[in-house]
Amino acid sequence: MSQPAQFAPAAVKCPHCAHEVRYYDALHSAFFGCPECQVFFEYPETGAPKQLRRFKETPRHTRPLALGSTGQFEGETYRVTGYQWRCEAKSPNYRWEEFQLRHETTGANRQLAVFQGHWLLIEPTDEQYRPTPGGHVETMEATYQLYNRYSPRVLYAEGEFDWNILADESLTISEYISPPLMLVRERQNKNNNHWFRARHLEPREVAEAFGVTMSRLPYRNGVGAAQPAPGHANWPQLATFSLLMALAVVLTHVYLMMWGNETVFNREFVTAPPMAAAPDSLGQPALTSGAERPVLVSPSFTVPGTGALTVKLWASLNNNWVELPYALVNEQTGQQFAATGNLEYYSGVEDGESWHEGNQDAEALLSQVPAGPYHLNFYPVADPGKSEAIQFRATVQARATAGSNAVLALVLLLLYPGFIYARRAFHESSRWENSDFSPYS
Amino acid sequence: MDWFRSLWKIRFYALFAVLVYGSFVWAGLSGQRLLGDDNEASPNLNGTGRAHGSGGRALYFHK
Numbered sequence: 010m011s012q013p014a015q016f017a018p019a020a021v022k023c024p025h026c027a028h029e030v031r032y033y034d035a036l037h038s039a040f041f042g043c044p045e046c047q048v049f050f051e052y053p054e055t056g057a058p059k060q061l062r063r064f065k066e067t068p069r070h071t072r073p074l075a076l077g078s079t080g081q082f083e084g085e086t087y088r089v090t091g092y093q094w095r096c097e098a099k100s101p102n103y104r105w106e107e108f109q110l111r112h113e114t115t116g117a118n119r120q121l122a123v124f125q126g127h128w129l130l131i132e133p134t135d136e137q138y139r140p141t142p143g144g145h146v147e148t149m150e151a152t153y154q155l156y157n158r159y160s161p162r163v164l165y166a167e168g169e170f171d172w173n174i175l176a177d178e179s180l181t182i183s184e185y186i187s188p189p190l191m192l193v194r195e196r197q198n199k200n201n202n203h204w205f206r207a208r209h210l211e212p213r214e215v216a217e218a219f220g221v222t223m224s225r226l227p228y229r230n231g232v233g234a235a236q237p238a239p240g241h242a243n244w245p246q247l248a249t250f251s252l253l254m255a256l257a258v259v260l261t262h263v264y265l266m267m268w269g270n271e272t273v274f275n276r277e278f279v280t281a282p283p284m285a286a287a288p289d290s291l292g293q294p295a296l297t298s299g300a301e302r303p304v305l306v307s308p309s310f311t312v313p314g315t316g317a318l319t320v321k322l323w324a325s326l327n328n329n330w331v332e333l334p335y336a337l338v339n340e341q342t343g344q345q346f347a348a349t350g351n352l353e354y355y356s357g358v359e360d361g362e363s364w365h366e367g368n369q370d371a372e373a374l375l376s377q378v379p380a381g382p383y384h385l386n387f388y389p390v391a392d393p394g395k396s397e398a399i400q401f402r403a404t405v406q407a408r409a410t411a412g413s414n415a416v417l418a419l420v421l422l423l424l425y426p427g428f429i430y431a432r433r434a435f436h437e438s439s440r441w442e443n444s445d446f447s448p449y450s
Numbered sequence: 012m013d014w015f016r017s018l019w020k021i022r023f024y025a026l027f028a029v030l031v032y033g034s035f036v037w038a039g040l041s042g043q044r045l046l047g048d049d050n051e052a053s054p055n056l057n058g059t060g061r062a063h064g065s066g067g068r069a070l071y072f073h074k
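Residue numbers (my numbering), protein chains in the order written: chain X, 10 to 450; chain E, 12 to 74.
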């Protein structure tokens with residue numbers, strides 16, 4: 010864990026205010042930032058110290074990590090030896106902080122950068138990468154996308170450095186991301202590239218590494234350049250597994266449809282209005298009052314196994330309607346199942362265009378119908394103003410499959426992955442809002 | 012095998028998904044409809060669930 014800042018073993022005097030600037034790396038550090046007078050100066054091995062710049066601005070916010078404090082990353086102890094406050098040359102409002110870290114025993118350098126509460130741990134690499142003209146860097150592990158390109162300006166610096174940080178202002182920096190990783194290229198000219206590897210850190214990791222409270226770290230705002238999307242660690246497994254399960258549901262449903270839907274009854278009926286025995290006062294045959302027509306009873310048929318039944322109705326209709334309430338009656342137990350088919354079909358020509366509405370067929374699915382002999386009772390109702398006979402067909406299929414079961418299973422399976430997918434998509438969209446190279450624009 | 016081991020990371024979702032799939036298969040094989048039912052009669056074993064007389068229908072009315 011972290012240790013409090015220790016007294017630095019060496020010191021140089023600021024050439025401007027004579028303040029004693031203490032430092033840790035007596036062998037390599039040659040550039041210093043004075044916290045008293047905001048002067049950045051060089052202290053060469055030989056010769057007099059040289060003032061390089063006096064910063065006009067000083068960060069007013071609380072610095073999350075103190076100079077000299079130590080923290081541990083991956084079991085290695087690092088000390089904060091330098092602090093910079095930087096901005097982009099073209100966008101001065103884009104400001105971030107960089108903490109120079111020095112390995113306590115090897116002296117290796119790393120950097121911690123924080124922008125709007127998003128932390129990156131950066132280390133140099135000897136690898137040389139070759140970006141494509143489209144702004145991609147392909148590596149064995151991942152494909153990195155160009156996210157940002159800028160030249161930095163140093164607004165303020167404090168502590169010790171082994172290079173002239175002001176010279177960085179002539180660099181062009183390109184950032185390529187593959188969250189949670191980032192590749193950073195510093196280019197002086199075409200033949201002078203330096204590459205760095207960066208990794209996103211959660212604020213909690215920084216707080217634990219340096220033993221500071223979360224409240225001391227800057228508030229996180231928006232989405233970081235290399236901040237992994239929600240569910241990053243589990244997403245490949247979640248997406249693959251949920252899609253496989255969805256595919257299993259679809260294939261099972263298809264199999265059940267092929268295995269089932271055995272037609273056990275298929276017959277045509279004709280329903281006609283009953284005729285009265287005596288003619289009316291005009292001598293014409295009279296219709297019975299109301300729309301009800303005589304009950305029709307089907308022949309017996311056998312349902313081979315307990316399961317769902319589909320009852321399909323089709324009627325020959327033209328500008329007419331018929332309602333077919335029916336009961337499916339078990340001839341052994343008397344158990345009844347009931348449903349209604351509402352059929353209507355109208356068509357015509359209006360303003361030279363033909364039209365039609367309604368359906369000549371209807372379908373009902375009856376659950377858990379036990380095996381056994383059955384018959385159907387129909388109780389037709391039709392337009393009382395029309396005396397024509399109506400022909401209709403009833404088809405019964407055993408071992409029917411409910412499509413709604415498959416839909417329900419798919420919805421349940423894909424609800425959570427869909428929610429995570431939407432969050433990830435929103436996250437990615439938000440991430441690229443800060444980029445000039447967004448694939449979304 | 013590694014892929015199956017990696018499913019440990021999503022074990023709760025995997026368990027839920029297997030339960031959903033199992034319920035779906037059970038409903039399909041046993042003729043259950045999980046959402047709604049077109050059956051308008053209360054199932055019974057003595058045939059008195061509806062008031063159908065031989066003279067016609069008593070429960071249905073058109074618009």
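For each residue, glycine too, the CB sits at the ideal point set by N, CA and C. The structure presented is a predicted model; accordingly, all values stated were derived computationally and were not measured.
*What residue range is occupied by the uninterrupted beta strand (DSSP E) comprising A191/X?*
What sits at residue 191/X in the sequence shown is Met, not Ala. M191/X -> beta strand (DSSP E) spans L190 to N198.
*Compare the beta carbon distance of F41/X and V30/X with 7 Å and say whether it is the shorter of the two.*
Cβ atoms of F41/X and V30/X: closer than 7 Å.
*Would you please verify whether the beta carbon of S224/X is less than 7 Å from any beta carbon of chain E?*
S224/X does not count as touching chain E.
_Where the alpha helix (DSSP H) containing L268/X begins and where it ends_ = Inspection of the sequence shows that residue 268/X is occupied by Trp rather than by Leu. Note, W268/X: alpha helix (DSSP H), W244 to W268.
_Determine, for D48/E, whether the minimum Cβ-Cβ distance to residues of chain X falls below 7 Å._
yes
_Every unbroken alpha helix (DSSP H) within the region 389-447 of chain X, with a cutoff of 4 residues, ordered by chain_ = 412-440
*Does DSSP put W14/E in a helix, in a strand, or in coil?*
helix
*If you measure from the beta carbon of F15/E to each beta carbon in chain X, is any gap under 7 Å?*
no
*State the start and end residues of the unbroken alpha helix (DSSP H) segment that holds L121/X.*
Run containing L121/X: none in the alpha helix (DSSP H); it sits in the beta strand (DSSP E), N118 to F124.
*Report all residues from its chain with a CB closer than 7 Å to the CB of P44/X; omit the five preceding and five following residues, and keep chain order.*
E167
*Does the beta carbon of V420/X come closer than 7 Å to any beta carbon on chain E?*
no
_If you reduce the DSSP assignment to three classes, tell me which class K65/X lands in._
Here K65/X sits in coil by DSSP.
*Do A407/X and E277/X have their C-beta atoms closer together than 7 Å?*
no
*Evaluate the contact criterion for the region 95-111 of chain X versus the region 120-139 of chain X: three or more CB pairs, one atom per stretch, below 8 Å.*
yes
_Span separating the alpha-carbon of A238/X from that of R432/X_ = 8 Å
*Take N351/X and list the residues in its own chain whose beta-carbon comes closer than 6 Å to its own, dropping the five residues that flank it on each side.*
E332
*Starting from Q246/X, find everything on chain E with Cβ-Cβ shorter than 7 Å and list it in chain order.*
S17, L18, K20 and I21
*DSSP state of P282/X, grouped into three classes?*
In the structure shown, P282/X sits in coil (DSSP, three-state: anything other than H, G, I, E or B).
*Touch check for the region 398-415 of chain X and the region 193-200 of chain X: three-plus C-beta pairs under 8 Å?*
Taking 8 Å as the limit for Cβ pairs, the verdict is that the region 193-200 of chain X does not touch the region 398-415 of chain X.
*Touch test, the region 309-329 of chain X against the region 31-51 of chain E, Cβ-Cβ under 8 Å, three pairs minimum*: Result yes; three or more Cβ-Cβ pairs closer than 8 Å.
*asked:* Comparing C-alpha positions only, which one of S183/X, Y103/X and S100/X sits nearest to T141/X?
replied: Each of S183/X, Y103/X and S100/X was checked against the Cα of T141/X, and the nearest Cα belongs to S183/X.
*Report yes or no: is there a C-beta of chain B within less than 7 Å of the C-beta of Q406/X?*
Annotation note: the requested chain B is absent from the structure, which comprises protein chains X and E.
*Is S78/X helix, strand or coil by DSSP?*
coil
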